[in-house]
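These protein sequences, in sequence, are chains A, B, C and D.
Per the working numbering, residue 41 is the first one in the first sequence, and the count goes up by one each step.
Per the working numbering, residue 41 is the first one in the second sequence, and the count goes up by one each step.
Per the working numbering, residue 41 is the first one in the third sequence, and the count goes up by one each step.
Per the working numbering, residue 41 is the first one in the fourth sequence, and the count goes up by one each step.
For glycine and all other residues, C-beta sits at the position ideal for the given N, C-alpha and C.
Given the structure is predicted, the values throughout are model-derived calculations rather than measurements.
Protein chains: 4
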Amino acid sequence: MGLKEIGFDGKNFAVMAGPCAIESKEQLLETAKAVKNAGAKVLRSSAYKPRTTPNAFQGLGEKGMRILGEVKEETGMIVETEVLDPRHIESIGKIVDIFRVGARNMQNFELLKELAKQEKPVILKNGLSATLGEFLGAGEYLSQHGNESIMMCYRGIRTFETATRFALDIGMVQAIKEKTVYPVIVDSSHSAGKASLVPSISKAALAAGADGLMVEVHPNPEKALSDSKQQLTFLEFESLMHEMKAIASSVGRKI
Amino acid sequence: MGLKEIGFDGKNFAVMAGPCAIESKEQLLETAKAVKNAGAKVLRSSAYKPRTTPNAFQGLGEKGMRILGEVKEETGMIVETEVLDPRHIESIGKIVDIFRVGARNMQNFELLKELAKQEKPVILKNGLSATLGEFLGAGEYLSQHGNESIMMCYRGIRTFETATRFALDIGMVQAIKEKTVYPVIVDSSHSAGKASLVPSISKAALAAGADGLMVEVHPNPEKALSDSKQQLTFLEFESLMHEMKAIASSVGRKI
Amino acid sequence: MGLKEIGFDGKNFAVMAGPCAIESKEQLLETAKAVKNAGAKVLRSSAYKPRTTPNAFQGLGEKGMRILGEVKEETGMIVETEVLDPRHIESIGKIVDIFRVGARNMQNFELLKELAKQEKPVILKNGLSATLGEFLGAGEYLSQHGNESIMMCYRGIRTFETATRFALDIGMVQAIKEKTVYPVIVDSSHSAGKASLVPSISKAALAAGADGLMVEVHPNPEKALSDSKQQLTFLEFESLMHEMKAIASSVGRKI
Amino acid sequence: MGLKEIGFDGKNFAVMAGPCAIESKEQLLETAKAVKNAGAKVLRSSAYKPRTTPNAFQGLGEKGMRILGEVKEETGMIVETEVLDPRHIESIGKIVDIFRVGARNMQNFELLKELAKQEKPVILKNGLSATLGEFLGAGEYLSQHGNESIMMCYRGIRTFETATRFALDIGMVQAIKEKTVYPVIVDSSHSAGKASLVPSISKAALAAGADGLMVEVHPNPEKALSDSKQQLTFLEFESLMHEMKAIASSVGRKI
Numbered sequence: 041m042g043l044k045e046i047g048f049d050g051k052n053f054a055v056m057a058g059p060c061a062i063e064s065k066e067q068l069l070e071t072a073k074a075v076k077n078a079g080a081k082v083l084r085s086s087a088y089k090p091r092t093t094p095n096a097f098q099g100l101g102e103k104g105m106r107i108l109g110e111v112k113e114e115t116g117m118i119v120e121t122e123v124l125d126p127r128h129i130e131s132i133g134k135i136v137d138i139f140r141v142g143a144r145n146m147q148n149f150e151l152l153k154e155l156a157k158q159e160k161p162v163i164l165k166n167g168l169s170a171t172l173g174e175f176l177g178a179g180e181y182l183s184q185h186g187n188e189s190i191m192m193c194y195r196g197i198r199t200f201e202t203a204t205r206f207a208l209d210i211g212m213v214q215a216i217k218e219k220t221v222y223p224v225i226v227d228s229s230h231s232a233g234k235a236s237l238v239p240s241i242s243k244a245a246l247a248a249g250a251d252g253l254m255v256e257v258h259p260n261p262e263k264a265l266s267d268s269k270q271q272l273t274f275l276e277f278e279s280l281m282h283e284m285k286a287i288a289s290s291v292g293r294k295i
Numbered sequence: 041m042g043l044k045e046i047g048f049d050g051k052n053f054a055v056m057a058g059p060c061a062i063e064s065k066e067q068l069l070e071t072a073k074a075v076k077n078a079g080a081k082v083l084r085s086s087a088y089k090p091r092t093t094p095n096a097f098q099g100l101g102e103k104g105m106r107i108l109g110e111v112k113e114e115t116g117m118i119v120e121t122e123v124l125d126p127r128h129i130e131s132i133g134k135i136v137d138i139f140r141v142g143a144r145n146m147q148n149f150e151l152l153k154e155l156a157k158q159e160k161p162v163i164l165k166n167g168l169s170a171t172l173g174e175f176l177g178a179g180e181y182l183s184q185h186g187n188e189s190i191m192m193c194y195r196g197i198r199t200f201e202t203a204t205r206f207a208l209d210i211g212m213v214q215a216i217k218e219k220t221v222y223p224v225i226v227d228s229s230h231s232a233g234k235a236s237l238v239p240s241i242s243k244a245a246l247a248a249g250a251d252g253l254m255v256e257v258h259p260n261p262e263k264a265l266s267d268s269k270q271q272l273t274f275l276e277f278e279s280l281m282h283e284m285k286a287i288a289s290s291v292g293r294k295i
Numbered sequence: 041m042g043l044k045e046i047g048f049d050g051k052n053f054a055v056m057a058g059p060c061a062i063e064s065k066e067q068l069l070e071t072a073k074a075v076k077n078a079g080a081k082v083l084r085s086s087a088y089k090p091r092t093t094p095n096a097f098q099g100l101g102e103k104g105m106r107i108l109g110e111v112k113e114e115t116g117m118i119v120e121t122e123v124l125d126p127r128h129i130e131s132i133g134k135i136v137d138i139f140r141v142g143a144r145n146m147q148n149f150e151l152l153k154e155l156a157k158q159e160k161p162v163i164l165k166n167g168l169s170a171t172l173g174e175f176l177g178a179g180e181y182l183s184q185h186g187n188e189s190i191m192m193c194y195r196g197i198r199t200f201e202t203a204t205r206f207a208l209d210i211g212m213v214q215a216i217k218e219k220t221v222y223p224v225i226v227d228s229s230h231s232a233g234k235a236s237l238v239p240s241i242s243k244a245a246l247a248a249g250a251d252g253l254m255v256e257v258h259p260n261p262e263k264a265l266s267d268s269k270q271q272l273t274f275l276e277f278e279s280l281m282h283e284m285k286a287i288a289s290s291v292g293r294k295i
Numbered sequence: 041m042g043l044k045e046i047g048f049d050g051k052n053f054a055v056m057a058g059p060c061a062i063e064s065k066e067q068l069l070e071t072a073k074a075v076k077n078a079g080a081k082v083l084r085s086s087a088y089k090p091r092t093t094p095n096a097f098q099g100l101g102e103k104g105m106r107i108l109g110e111v112k113e114e115t116g117m118i119v120e121t122e123v124l125d126p127r128h129i130e131s132i133g134k135i136v137d138i139f140r141v142g143a144r145n146m147q148n149f150e151l152l153k154e155l156a157k158q159e160k161p162v163i164l165k166n167g168l169s170a171t172l173g174e175f176l177g178a179g180e181y182l183s184q185h186g187n188e189s190i191m192m193c194y195r196g197i198r199t200f201e202t203a204t205r206f207a208l209d210i211g212m213v214q215a216i217k218e219k220t221v222y223p224v225i226v227d228s229s230h231s232a233g234k235a236s237l238v239p240s241i242s243k244a245a246l247a248a249g250a251d252g253l254m255v256e257v258h259p260n261p262e263k264a265l266s267d268s269k270q271q272l273t274f275l276e277f278e279s280l281m282h283e284m285k286a287i288a289s290s291v292g293r294k295i
């Protein structure tokens, strides 16, 4: 699968939506159907979770991957997931269409080197305190053997401000585009940290010229096992998609 | 003059444009006419410049204020300018419609206390490393005697990233709006640091829900005495206004 | 009074101690005697306080300055205080030996320009997010008319970390010394944010090569009207001075 | 080997010195002898290097590990090295006494989980933008199966300042000690970024109460294949050790 089939043709604004973590078959399937109906093309979700302490929910792991495989088959969606460990690449690769490298692993170069040998597209998120140069350098690890199916996902940086979870320095969308040919997508959920900021950031990303959006959606955010404050309900997501479609047409994009 | 007359009625997206510094009558008049034609309602410009070293251009001072007075009369535009010193308030107030407090003076509380006694509206920019709480606290200094004609201007914060001059944490637009009744405007020029990023940031601000925009425009940016890399040409500004008008209509705003 | 008389002769480690704010004659006098006994040469204290909101204690102002004048006379100490407003310089200058420019005013250039015309020494604190270049630039505003009695006070910078109040990037002591001939002093109280960290930071500053220290001491920190968590008790200050004297002799300094 | 044998008994100040990267047998052996003579107990060096781009020197890998094994045998020093990949743990563990987790891998939790199963001590460096809570959380991953031989290595954080490479927020030494029983060591080389700042930072770390120091030393820093600006010469290191011994005795420590 190439970048075009995922929805990056220069005109399309590709929306990747789904729960932070895979919690159950029901939760993932229900969410997949909802985001697909609303216009998302790619289902985002994680089975392996990098958490601050070992006591926090670590994801369903292999069981989560089996669920993801089933949901992929039942919905026909393109699916992606985060990969944390070079030793997981083979098994994860049997199920997903796209690998995701999270912010905490942007400079896990041994992981990047292994992913560079795969033939699947990779979403690369910027590190919490990575400079543009370091972000591009990490991209070079992925492309060194010729795989150019890379998506640069800007998810904001850590600063002193606590009103937002991470600073989504919106000027970076254009700054990254000036330095690379890869599509630039924005993760609006992690920078927001709370659901009420997500629509505003998402619409800004579209108007700023991003090629896509990654956003967390959950059937019941309050009961989510991780990121409970920042996930959108189905209704909030539908409403956001509706608003973004209007903006998209005003800037020559399609959703 | 109240916030409504300036263009903040909840529907309008108020554009404030003009040169970083007042350099000559010709430069300011020419720019004022160009930005007015393109749809800007407020002329921005500075006669007193806070510069990193005493050897840098410090602005035309009183002479600049006289020029601003003449240009105001000839164009009929609403004019604003930065005030650095409590001792300048009286003379500046005779000419401008709006006072501006720059990022470096957000916590110059003696200046804020004097401005609080004036009856003119004030644009308050966030400090380079001010938290939301500190930004709101500075606003309280301005409103303590009842003047509620305050515009909160978010101009980004200082971070490690150098690809942008300051990080325009776009989630702050909504975060500020959730905490205050004042209009929120975005300064896209100072966060960008280079002209090529300004349109992207400006459009993002509009889509994010900001009530207005402050942007630097100069007849010949390369020859500007300050901020030469980030000022837009007349043509670039017109083009941006054209794009923003399309987005505005898609989000229920007018420009 | 020149830098040598204050205690900056290249060998001496000059300790400036006293309460955050002047609260009463008794409080200031008691503290002055205690810190003098323990070896401090300069009494630090503030009558004008830059506070985040207008509802916080703003300092005793002119009344505080009268108290400071009396305590100076009764103890014979060298006294300094923060100046916030160009209009206060004349009256404050009648009492203090040293002006202090706080972090929030490092780029209040109109204030710096007025201080440059005075003949008294000035302590210049770095801004919360000032680069070394900007800190040196602010120093140039003070020295532009030939007054070289400047002390560069490094008080840390704002970062994402909340375990300390500000990051006292200790490498900056040497970095500043490599770029200027002025003495470098460290403010350990504001970076610490809590008293338990102050001794560690203070000793580090001495070992790093700083020429002096500014530290907050209060008769009863818990009841202080500002900075209550970070001020040292008399006993804690004496103990710190004792420890610092031992280190000083090991690095060829005197206290 | 336990923490005491490495030199962490509460009184000792343990110095870990050596080149950034293993470049050749001669280079490592020569450096090992020099730092041992000067009083270092642990030899630091890296065979696997996490570099910003794939074109930069990646370290000698397995060949480097063989060299490290030989130098360990010939000098009798305690040796440590950085581990980047869970798949390298077994082979590296056959040679080194201590594993090191670098800043870029502080939240590579899959690596931490594997190291937690080993019986060797681990040096854990804080991430470039890790909070204290996240640093402690990473430590919990290492200790979750009962291995308490952990050294918390504070190497500074990323900020806007470029005069230092990373901000060595010296208050963190005490702040970390208040939250954990593990020894706290400071990496002075990476925060400095240039050799002239290293002695100042190193001495500050000792005076601040750190239990040890990690510092880079190279026979010919200018020709080093990585970190060429910040490594000390043998002479500079000897001089630093001499100065630190004097300070150590004044604060009740031994080197």
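Quick check on this structure: which residue in the options has the alpha carbon closest to the alpha carbon of residue i?
i         : options                                       : result
Arg195(B) : Ile295(B), Arg144(B), Pro161(B) and Gln184(B) : Arg144(B)
Glu130(A) : Ile225(A), Gln158(A) and Gly99(A)             : Gln158(A)
Ala35(C)  : Arg293(D), Glu262(D) and Met281(D)            : Look at the range of chain C in this structure, 41 to 295, and you will see that residue 35(C) is not part of it.
Leu83(A)  : Glu110(A), Gly47(A), Glu120(A) and Ala54(A)   : Glu120(A)
Gln147(B) : His185(B), Leu124(B), Leu265(B) and Gly133(B) : Leu124(B)
Glu256(C) : Gly249(C), Leu275(C) and Gly42(C)             : Leu275(C)
Gly179(A) : Phe206(A), Gly249(A), Gly142(A) and Ala203(A) : Gly142(A)
Phe149(B) : Thr71(C), Leu69(C), Asp267(C) and Thr93(C)    : Thr93(C)
Asn187(C) : Leu68(C), Pro90(C), Lys153(C) and Val75(C)    : Lys153(C)
Val226(A) : Phe53(A), Leu43(A) and Gly42(A)               : Phe53(A)
Quick one: is residue i near chain C, going by C-beta distance under 9 Å?
i         : result
Glu150(D) : no
Phe53(D)  : no
Thr93(A)  : no
Do you know how far the Cα of residue j is from the Cα of residue i?
i         : j         : result
Thr171(C) : Thr220(C) : 14 Å
Lys51(C)  : Gly252(C) : 10 Å
Ala96(B)  : Leu237(B) : 25 Å
Met105(D) : Ile135(D) : 7 Å
Ser228(D) : Gly99(A)  : 37 Å
Gly211(A) : His230(B) : 11 Å
Ala57(A)  : Met254(A) : 6 Å
Does the CB of residue i have a neighbour CB from chain A at under 9 Å?
i         : result
Met212(B) : yes
Arg144(C) : no
Arg195(C) : no
Given 8 Å as the limit, tell me if residue i has its C-beta closer than that to any heavy atom belonging to the ligand COA.
i         : result
Leu151(D) : Absent from the structure shown: the ligand COA. Ligands present: none.
Checking contacts by CB at 9 Å: is residue i closer than that to chain D?
i         : result
Ser268(C) : no
Ser279(C) : no
Arg205(B) : no
Examine chain B for any beta-carbon lying closer than 9 Å to the beta-carbon of residue i, and answer yes or no.
i        : result
Gly50(A) : no
**OP:** Say whether the region 253–267 of chain A touches the region 74–83 of chain B, bearing in mind that this needs 3 or more beta-carbon pairs closer than 8 Å, one atom from each stretch.
**Re:** In this structure the region 253–267 of chain A does not lie against the region 74–83 of chain B, because fewer than three pairs of beta carbons, one per stretch, are closer than 8 Å.
For the structure I just gave you, are there three or more beta carbon pairs, one from the region 237–248 of chain D and one from the region 232–245 of chain C, closer than 8 Å? Yes, the region 237–248 of chain D is in contact with the region 232–245 of chain C.
In chain order, which alpha helix (DSSP H) runs of at least 4 residues are fully inside the region 79–137 of chain C?
-> For the region 79–137 of chain C, whole alpha helix (DSSP H) runs of length 4 or above, ordered along the chain, are 102–115 and 129–133.
- [ ] Identify every run of the alpha helix (DSSP H) within the region 182–230 of chain A, keeping only runs that are complete inside it and at least 4 residues long; order them along the chain.
- [x] Those alpha helix (DSSP H) runs which fall completely within the region 182–230 of chain A and span 4+ residues are 211–217.
* Would you check if the region 151–170 of chain D and the region 185–204 of chain D touch, i.e. whether three or more CB-CB distances between them fall below 8 Å? => The answer is yes - the region 151–170 of chain D touches the region 185–204 of chain D, with three or more Cβ pairs under 8 Å.
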